[in-house]
Structure formats: C-alpha cells, structure tokens
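Trainee: Here the sequence shown is numbered in full-length UniProt numbering, starting from 1 and rising by one per residue. Built from N, CA and C at the ideal position, the CB exists for glycine as well.
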Amino acid sequence: MFQVGDKIVYPMHGAGVIEAVEEKEILGEKQQYYIINMPIGNMQVMVPVEKVSPLGIRLVVDMFTMENVLFVFHHGESDALLPWGQRYRINTDKMRTGDVHEGAEVVRDLMRRSQEKALNTSEKRMLDSAKQILISELVLVKGVTENQANDLLNYAGDR
C-alpha cells in the first residue's frame, strides 16, 4: 500500500504524488481511494486502493535508474524499420506496461523517426502522450522543471 507523499506513476497517465487516502461513496459503495495530484496537466485523479495493482501503478524509479534510462535513451539503438501498423501495436504494448525503460524507447524511436520523416497522426499523438508521461516522471525523480525535463529529452533524442 502506498503512503501519502509517495511519488507514483500511473501507466498511460503519468507521474504524480499521493496527496491523501479518502473513503468515498460512489454508486452506493464505500471504497478507499488514493487522491493523486498530477503536476503536469495540473489535475487530480482518484484511484480505488484495490485497483492499484491491476492498473500497474508503481513508485517512480530512483535516480540511478533514471540516469540509466537517459543513457539508453541517448545511446540505444532504435527498433528496426517495421510497417507502421506493427510498430504502432508494439509501441502501444510498451506504453501499457508502465515500465519507464519501455516508455523511453517509444519516445526515443518516435522522436528519431520524426526527424527522418513526418509521423502520421496516430504516432504523433502517441509520441506526445509518451513524452508527457516520461517528462512527468523525470520532473519528480530529478527535481527539475517540465521545461528542463523536456530539454533533457530533446538533447537525448538528437543522434
């Protein structure tokens, strides 16, 4: 169980901080909810405590892990050229895992691809979403601003 103040990542949504644990009655059923403040996008999310595991919510990674992610982001090889439909499915599956390494690979590969050729609308949307999720975790782990985190990725994406 998470505690108030824990920094977490909600896959497909981004990183946030648990502000409170509250009991709420919704549709006549009382449940405990985590109240999560998502600093990027300035929104608040309520997640039932018992749904945390099935949703893949996890603690943010530590500084060492994030530095490794950035190293691989900068120096790693992009996936081989695949037809866009297959690439989109693979990237969607990577994003659903909630794993920071997988998400960073999606951002890196799509950023590199966009430098070679314009992304289609679906991939552009995926890049924007994946980048925001990665930036949100960078902000909480490294204690940087959203702009500084974005600069780290833009630098790392240049190859």
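Leaving out the 5 sequence neighbours to the left and right, which residues in its chain are closer than 8 angstroms to Val144 when beta-carbon positions are compared?
Mentor: Only Leu138 and Leu152 meet the Cβ criterion.
Trainee: Where does the unbroken beta strand (DSSP E) through Lys30 begin, and where does it stop?
Mentor: Its beta strand (DSSP E) spans residues Glu29 to Met38.
Trainee: In the UniProt domain "CarD-like/TRCF RNAP-interacting" (1 to 111), which residue ranges form an unbroken beta strand (DSSP E) of at least 3 residues, counting only runs that do not cross its ends?
Mentor: Segments of the beta strand (DSSP E) lying fully in the UniProt domain "CarD-like/TRCF RNAP-interacting" (1 to 111): 7 to 10, 14 to 26, 29 to 38 and 43 to 48.
Trainee: Given that a residue counts as buried once 16 or more other Cβ atoms are within 10 Å of its Cβ, and exposed if not, what is Glu123?
Mentor: Buried, since its Cβ has 16 or more Cβ neighbours within 10 Å.
Trainee: Could you check the C-alpha separation between Tyr33 and Met46 for me, to the nearest Å?
Mentor: Tyr33 and Met46: Cα-Cα distance of roughly 6 angstroms.
Trainee: Excluding five sequence neighbours on each side, which residues of the same chain lie with their C-beta closer than 8 angstroms to the C-beta of Lys30?
Mentor: Here the set comprises Glu23 and Lys24.
Trainee: Look at the alpha carbon of Ser53 and the alpha carbon of Val9, and state the distance between them as a whole number of angstroms.
Mentor: The alpha-carbon atoms of Ser53 and Val9 are separated by roughly 12 angstroms.
Trainee: Let me know the secondary structure DSSP gives Ala149 once reduced to three states.
Mentor: Helix at Ala149.
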